[in-house]
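Student:
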Amino acid sequence: MIFRLSDEDLWFPDPALAEEDGLLAVGGDLSGARLRLAYAQGIFPWFSKGDPVLWYAPHERCVLFPGSIHMSKSMQQVLRQGRFHITRDTAFGQVIRSCATILRKGLEGTWITGAMQQAYLNLHLEGIAHSVEVWNGPELVGGLYGVAVNKVFCGESMFSRTSNASKAALIWLCRHGGYQLIDCQLPNPHLMSLGAEMIPREKYLSILQG
Numbered sequence: 080m081i082f083r084l085s086d087e088d089l090w091f092p093d094p095a096l097a098e099e100d101g102l103l104a105v106g107g108d109l110s111g112a113r114l115r116l117a118y119a120q121g122i123f124p125w126f127s128k129g130d131p132v133l134w135y136a137p138h139e140r141c142v143l144f145p146g147s148i149h150m151s152k153s154m155q156q157v158l159r160q161g162r163f164h165i166t167r168d169t170a171f172g173q174v175i176r177s178c179a180t181i182l183r184k185g186l187e188g189t190w191i192t193g194a195m196q197q198a199y200l201n202l203h204l205e206g207i208a209h210s211v212e213v214w215n216g217p218e219l220v221g222g223l224y225g226v227a228v229n230k231v232f233c234g235e236s237m238f239s240r241t242s243n244a245s246k247a248a249l250i251w252l253c254r255h256g257g258y259q260l261i262d263c264q265l266p267n268p269h270l271m272s273l274g275a276e277m278i279p280r281e282k283y284l285s286i287l288q289g
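Residue numbering for the sequence shown follows the numbering used here, beginning at 80 and increasing consecutively.
1. Quick check on GLU281: does DSSP put it in helix, strand or coil?
2. Measuring straight from C-alpha to C-alpha, what distance separates VAL226 and ILE207?
3. Residues bridged to TRP214 by DSSP?
4. Which residues in the same chain as LEU102 place their Cβ atom closer than 8 Å to its Cβ, once the five residues preceding and following it in sequence are excluded?
5. Thinking C-beta only, is VAL213 closer than 8 Å to ILE165?
6. What's the call for THR262, buried or exposed, on a 16-neighbour Cβ count within 10 Å?
7. Specify the secondary structure class of HIS209 as computed by DSSP and reduced to three states.
8. Report the three-state DSSP secondary structure of LEU109 (helix, strand or coil).
9. Please determine, among ASP100, ALA248 and LEU109, the residue with the shortest C-alpha to C-alpha distance to ASP86.
10. Using beta-carbon positions only, say whether VAL211 and ALA119 come within less than 8 Å of one another.
11. Is ILE207 near the ligand ZN, with its Cβ less than 7 Å from a heavy atom?
12. Measuring alpha carbon to alpha carbon, tell me which residue in SER177, HIS255 and SER285 is nearest ILE148.
13. With DSSP as the reference, label LEU102 as helix, strand or coil.
14. By DSSP, does GLN120 sit in helix, in strand, or in coil?
15. Give every residue of the same chain whose Cβ lies closer than 7 Å to the Cβ of GLY216, excluding the five residues on either side of it in the sequence, and list them in chain order.
16. Tell me which same chain residues have a C-beta within less than 7 Å of the C-beta of GLY172, skipping the five on either side of it?
17. Which residues in the same chain as PHE238 place their Cβ atom closer than 7 Å to its Cβ, once the five residues preceding and following it in sequence are excluded?
18. Quick check: the Cα distance between GLY129 and LEU84, rounded to an integer number of angstroms?
19. Identify, in the order they occur along the chain, each residue of the same chain with its Cβ nearer than 7 Å to the Cβ of LEU89, setting aside the five sequence neighbours on each side.
20. Compare the C-alpha of GLN160 against each of ALA247, GLY289, LEU265 and GLU276 and name the closest.
21. Under 8 Å between the Cβ atoms of ASN243 and MET154?
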């Protein structure tokens with residue numbers, strides 16, 4: 080059953096009631112209060128421009144335990160060379176705009192709509208959403224952003240304009256972010272090659288809310 084939300088009622092159904100693909104609810108808004116409530120329950124928004132807000136709570140979660148990240152020898156060499164300068168929360172707006180506009184193979188358009196960008200910028204101003212920036216000299220060449228809930232970093236998106244830049248951002252987050260878990264939400268070959276794994280929703284929620 081897919082639940083319908085209104086802008087007026089600030090609530091979410093039990094995540095265990097999500098459809099097989101993780102879709103839980105439709106509607107509502109992207110207010111800070113609603114987003115904070117969603118992430119605290121393991122729920123996140125994901126929808127295309129022109130569609131209503133869709134809320135997901137996957138039954139299995141793709142996650143990365145920071146101590147288990149895999150680094151190839153070539154990636155280790157890239158980091159040793161000091162090619163990149165990495166910062167945190169110095170260019171959140173640039174990172175989210177880059178994630179929204181960068182071309183991705185096999186995908187058209189973006190789910191990071193203007194309304195989504197503004198919503199997460201607001202969360203960033205509240206100290207809840209964070210970014211990692213990867214620089215090559217003065218140029219922003221990669222990065223990621225997401226939402227912090229207790230000791231979990233709920234990753235939303237990453238981008239790379241040069242080889243290995245997004246990997247460098249994720250490795251930095253694992254090494255220096257201070258998080259117990261990086262939530263990658265949904266799996267892809269790139270994340271799995273870095274050591275991500277699938278865990279049941281119940282285990283994810285116990286870590287998130289612990």
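Ideal placement from N, C-alpha and C gives every residue a C-beta, glycine not left out. Just so we're clear, the structure is a prediction, and the values are computed from it rather than from any experiment.
Tutor: Reading off the structure:
1. In this structure, GLU281 counts as helix in the three-state DSSP scheme.
2. Spanning the two alpha carbons is a distance of roughly 6 Å.
3. Residue pairing for TRP214: DSSP places it in a beta bridge opposite HIS164 and LEU219.
4. Hits under 8 Å: ILE81, LEU133, TRP134 and TYR135.
5. Cβ distance < 8 Å, so ILE165 and VAL213 count as in contact.
6. In the sequence as presented, Thr is not what sits at residue 262; that position holds Asp. ASP262 comes out buried.
7. HIS209 carries a strand assignment under DSSP once its states are collapsed to helix, strand and coil.
8. Under the three-state reduction of DSSP, LEU109 is assigned to coil, being neither helix nor strand.
9. Closest by alpha carbon: LEU109.
10. Cβ distance not < 8 Å, so VAL211 and ALA119 don't count as in contact.
11. Although the ligand ZN was asked about, the structure shown includes no ligands whatsoever.
12. Ranked by Cα distance from ILE148, the options SER177, HIS255 and SER285 are led by HIS255.
13. Strand, per DSSP.
14. Three-state DSSP puts GLN120 in coil, outside helix and strand.
15. For GLY216, there are no CB contacts under 7 Å within the same chain when 5 residues up- and downstream are skipped.
16. LEU200, listed in sequence order.
17. For PHE238, where only same-chain residues beyond five positions count, the Cβ hits under 7 Å are SER177, CYS178, ILE181, GLY221, GLY222 and SER245.
18. Spanning the two alpha carbons is a distance of roughly 17 Å.
19. Once the five neighbours on either side are set aside, the close Cβ partners of LEU89 are ALA112, ARG113 and LEU116.
20. Considering only alpha carbons, the answer is ALA247.
21. In contact: ASN243 and MET154 (Cβ atoms closer than 8 Å).
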